[in-house]
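Engineer: With the first letter of the sequence shown counted as 1, position 161 gets the number 272 in this note's numbering; the numbers rise by one all the way through.
Ideal Cβ placement from N, Cα and C applies to all residues, glycine included.
Structure below; questions to follow.
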Amino acid sequence: MLSFIPKKMADHTEQVSVSALKRQGIALVMLDFDNTIVPYTTSEPTPEMDRWLKDAMESGVQMCVVSNSKKPRVQLFCARYGLPCMTKARKPGGRGIRAALAEYHCRPQQAALIGDQIFTDVLGANRAGVCSILIRPIKLHNIWLKLRNIAEQPFILIGKWRCSHEKS
Numbered sequence: 112m113l114s115f116i117p118k119k120m121a122d123h124t125e126q127v128s129v130s131a132l133k134r135q136g137i138a139l140v141m142l143d144f145d146n147t148i149v150p151y152t153t154s155e156p157t158p159e160m161d162r163w164l165k166d167a168m169e170s171g172v173q174m175c176v177v178s179n180s181k182k183p184r185v186q187l188f189c190a191r192y193g194l195p196c197m198t199k200a201r202k203p204g205g206r207g208i209r210a211a212l213a214e215y216h217c218r219p220q221q222a223a224l225i226g227d228q229i230f231t232d233v234l235g236a237n238r239a240g241v242c243s244i245l246i247r248p249i250k251l252h253n254i255w256l257k258l259r260n261i262a263e264q265p266f267i268l269i270g271k272w273r274c275s276h277e278k279s
């Protein structure tokens, strides 16, 4: 499905309740890395993110980082947490998402992807039939990220409207 509209939204990854996702039948949570777990400029999570990651990994839901990054910092971070990862995922293409679904023997309806970008994370998740969860980017540290975020605003507004109307 070609849709730029997220199914769920939260301000920060730490606000996503993995236990609530589990109650909704989600067995696999895929996470983007840059600007979802940590900013592009560091590999150190905040204390809140550190706690969220540890709690999420103990929730009984499978966790996996699915990142387009080719940089070794993603693998080093994931190794430190014992968190599986798939890099060079080519989102919004489905290679990384499909590989994670196959690795964890999970149907798309049983999976969610948390990410900060409409044009990669949300589109990739929606195309794969996975629940897309959009969070605000941690830090827009350069002009290209700021411009991309401006281009995403119409889809973010529609997503906010859709999410607020589904709750009522």
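(1) Bridge partners for Lys119 per DSSP, in chain order?
(2) From Leu113 to Arg184, what distance separates their C-alpha atoms?
(3) How long is the line joining the alpha carbons of His123 and Leu245, rounded to whole angstroms?
(4) When the Cα of Leu142 is compared with those of Ile261, Trp255, Ala262, Cys242, which residue comes out closest?
(5) Check whether the Cβ atoms of Pro248 and Asp227 lie closer than 8 angstroms to each other.
(6) Mind checking which residues open and close the alpha helix (DSSP H) that includes Leu212?
(7) Suppose contacts are defined by Cβ-Cβ distances below 8 angstroms. Is Cys217 in contact with Ala131 by that definition?
(8) Here's a check: name, in chain order, each residue in its chain whose Cβ is nearer than 8 angstroms to the Cβ of Lys181, leaving out the five neighbours to either side.
(9) Ordered along the chain, which non-local residues of its own chain (more than five positions away) have a Cβ less than 7 angstroms from that of Gln186?
(10) So, is Ser275 buried or exposed, given that buried needs 16 or more other C-beta atoms within 10 angstroms?
Structural biologist: Inspection of the coordinates gives the following:
(1) Answer by DSSP bridge pairing, in chain order: Ile244.
(2) Leu113 and Arg184: Cα-Cα distance of roughly 31 angstroms.
(3) Answer to the nearest angstrom: the Cα atoms are 9 angstroms apart.
(4) Leu142 has its Cα closest to that of Cys242, out of Ile261, Trp255, Ala262, Cys242.
(5) In this structure, Pro248 lies near Asp227, with their beta-carbon atoms less than 8 angstroms apart.
(6) Per DSSP, the continuous alpha helix (DSSP H) segment holding Leu212 begins and ends at 206-214.
(7) No, these two residues do not count as a Cβ contact at 8 angstroms.
(8) Contacts found: Thr198, Lys199.
(9) Counting only residues of its own chain and dropping the five nearest sequence neighbours on each side, Gln186 has a CB closer than 7 angstroms to the CB of Cys196, Thr198.
(10) The residue is exposed, with fewer than 16 neighbouring Cβ atoms inside 10 Å.
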